[in-house]
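For what it's worth, our numbering labels the leading residue of the sequence shown as 70, then goes sequentially.
For glycine and all other residues, C-beta sits at the position ideal for the given N, C-alpha and C.
Note that the structure is predicted; figures quoted are calculated from it, not measured.
One structure is given below, encoded as structure tokens.
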Amino acid sequence: MLYTTLQFFIRVALQLFCRNITFSDKTILSSKGPLLLACNHPNSFLDAIIIGSQFKQPVHYLARGDAFKNPLARKILTAIQLMPIYRLSEGREYLALNDATFENCKNILLQGGIVLIFSEGLCEHKWQLQPLKKGTARIAFAAWNEPSICNNFRVQPVSLNYQSYTKFGKHLIVHFGEKISKEQVLLEANEGEKIQQFNTLLTDKLLDGM
70 MLYTTLQFFI
80 RVALQLFCRN
90 ITFSDKTILS
100 SKGPLLLACN
110 HPNSFLDAII
120 IGSQFKQPVH
130 YLARGDAFKN
140 PLARKILTAI
150 QLMPIYRLSE
160 GREYLALNDA
170 TFENCKNILL
180 QGGIVLIFSE
190 GLCEHKWQLQ
200 PLKKGTARIA
210 FAAWNEPSIC
220 NNFRVQPVSL
230 NYQSYTKFGK
240 HLIVHFGEKI
250 SKEQVLLEAN
260 EGEKIQQFNT
270 LLTDKLLDGM
């Protein structure tokens with residue numbers, strides 16, 4: 070209920086921030102899970118708001134872990150389907166908590182849900198794609214290792230292209246790349262090789278849309 074209510078108000082508010090949002094393929098917005106949205110992250114909270122508010126099926130987000138340290142904030146963020154992902158810069162002692170988040174992501178996908186992750190692992194106001202972290206690959210391979218969803222699960226590359234990062238009434242183009250399926254990845258390779266091959270594939274697809 071809270072998610073649906075917020076989604077409505079967010080769509081209205083977005084008209085102030087973005088005068089025009091163009092999607093390369095609007096049919097993607099009606100996609101069903103299990104689906105992992107793998108997105109670049111050039112414009113802070115606005116990226117998640119734009120993507121999540123436009124999909125018909127509710128989207129679960131991964132967000133920076135330090136936002137969850139306050140108990141009240143954690144309760145609110147969890148209620149609107151955000152999950153914490155911790156980086157080394159936030160403290161090595163928090164990294165082990167990512168295991169629970171990745172397990173939650175897998176369970177959401179097993180239930181036919183949609184998860185959004187920012188694959189660069191950081192937000193920078195740049196038009197160039199930053200090197201991808203391991204998180205997207207880790208979630209993807211966990212899903213492909215589940216017999217009940219491995220044939221239906223896909224990774225959807227999402228490239229965000231802003232006209233400006235600071236001006237109100239900006240234009241934005243959202244490009245959806247070709248989905249990645251298990252047939253395109255090295256399921257039998259060692260972990261390092263799998264992640265490297267997956268990240269190379271995802272990088273190419275994100276760059277195609279930028």
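Excluding the 5 residues flanking residue i on each side, which residues of the same chain have their C-beta closer than 6 Å to its C-beta?
i	result
V110	The identity of residue 110 in the sequence shown is His, whereas the question assumes Val. Closer than 6 Å at Cβ, skipping near neighbours: D116, F187, E189 and C192.
G102	G181, G182 and I183
F124	L98
Could you say which of the options lies nearest to residue i if we only look at CA atoms?
i	options	result
V224	N214, I249, K203 and N230	I249
S217	N176, I242 and E162	N176
K251	N221, D94 and L201	N221
H129	I264, I149, Y163 and R161	I149
D273	K239, L201 and W213	L201
Taking the Cβ atom as the reference point for each residue, do residue i and residue j lie within a distance shorter than 8 Å?
i	j	result
V227	A132	no
Y231	N139	no
E215	L185	no
H244	G278	yes
Y163	G121	no
I119	L241	yes
L256	W196	no
Cutting at 7 Å between CB atoms, please list the residues of its own chain near residue i, excluding the five before and the five after it.
i	result
R207	F171
F137	R143, L146 and P153
F267	A206, A209 and V254
Q199	E189, L191 and E193
E262	L255
For residue i, which residues in the same chain have their Cβ closer than 8 Å to its Cβ, ignoring the five residues on either side in sequence?
i	result
D94	F245
A258	Q266
Q | Validate contact between the stretch 150–166 and the stretch 87–99 using beta carbons, cut 8 Å, 3 pairs | A | no
### Query
Quick check: the stretch 87–95 against the stretch 200–219, are there 3 or more CB pairs under 8 Å?
no
- Of all the beta strand (DSSP E) runs that stay within the bounds of the stretch 229–262, which reach a length of 3 or more residues? 239–245
query: Which runs of the alpha helix (DSSP H), 4 residues or longer, sit entirely within the stretch 141–196?
result: 167–179
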